[in-house]
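Asker: Pasting in a structure now, in structure tokens, and then I'll have a few things to ask.
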Amino acid sequence: MPCKNHPETESIARCFGCQESFCENCLVEISGQRYCGSCKVIALEDVTPVLEPQGTTPCNEANDALIYAIISIFCFGIFLGPMAISTANTAKRKIAADHSLTGTGKANAAIIIGTIALIFWILGLAARILQN
Ligand SMILES: [Zn+2]
Ligand SMILES: [Zn+2]
């Protein structure tokens, strides 16, 4: 059977995509299957790993929460710790509702850092009260 693109050339195999016969020059092997030029594009799209299903827009609240959390370690922990946690929870709700947003990792980090900062500030405050 002749190649679909080159009628003068004998085909060597069928394209896995369109099942047409093609010569060696027309076929490329992808993931162990032979494809013609036009099916190759489609096959490559299937093979290419899908970009992370989450979105690409960073969630502002997640960034803010992490900043609050980091500052809360050094100052105003009693105030910024809870603020970081509540902002992070807002961020997580927004990310869950809108899949184009990212920042779950930052929001989780903000909750952990904010909680630790808050505990340290409460302990510090308690120690100061007990000393008096
Ligand atoms: Zn094909
Ligand atoms: Zn050909």
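First residue of the sequence shown? That's 714 in my numbering, and the numbers climb one at a time after it. Backbone N, C-alpha and C define an ideal beta-carbon position, used for all residues, glycine too.
What residue from Pro720, Asn845, Leu831 has the CA that sits closest to Ser799's CA?
Answerer: Nearest option by C-alpha distance: Leu831.
Asker: Assuming Leu740 contacts Cys749 (C-beta within less than 8 Å), just tell me the rounded distance between them.
Answerer: Indeed, because the Cβ distance is near 6 Å, the residues count as touching under 8 Å.
Asker: Can you give me the start and stop residues for the alpha helix (DSSP H) that Glu696 sits inside?
Answerer: Outside the displayed span of the chain (714 to 845) sits residue 696, for which this structure offers no information.
Asker: I believe Gly818 touches Ala797 by the beta-carbon criterion, under 8 Å. Please report the beta-carbon distance rounded to the nearest angstrom.
Answerer: No, Gly818 and Ala797 are not in contact; Cβ-Cβ is about 15 Å, not under 8 Å.
Asker: I think Phe736 touches Ile725, with their Cβ atoms under 8 Å apart; what is that distance to the nearest whole Å?
Answerer: First, the amino acid is wrong: residue 736 is Cys here, not Phe. At roughly 6 Å, the Cβ-Cβ gap stays under 8 Å, so Cys736 and Ile725 are in contact.
Asker: Kindly identify the DSSP beta-bridge partner or partners of Val741.
Answerer: Val741 is bridged to Tyr748.
Asker: Using the beta-carbon of each residue, find all residues closer than 6 Å to any heavy atom of ligand 2 and list them in chain order.
Answerer: Having a Cβ closer than 6 Å to some heavy atom of ligand 2 are Cys716, Asn718, His719, Thr722, Phe735, Cys736, Asn738, Cys739.
Asker: Between Gly745 and ligand 1, is the CB less than 7 Å from at least one heavy atom?
Answerer: False, no ligand heavy atom lies under 7 Å from that Cβ.
Asker: For the alpha helix (DSSP H) that Phe833 lies in, which residues bound it at each end?
Answerer: 817-844 is the extent of the alpha helix (DSSP H) around Phe833.
Asker: Select from Ala778, Cys788, Cys772, Leu836 the residue whose C-alpha is nearest the C-alpha of Asp811.
Answerer: Of the candidates Ala778, Cys788, Cys772, Leu836, the one whose C-alpha sits nearest the C-alpha of Asp811 is Cys772.
Asker: Kindly indicate which three-state DSSP category Thr722 falls into: helix, strand or coil?
Answerer: If DSSP states are grouped into helix, strand and coil, Thr722 belongs with coil.
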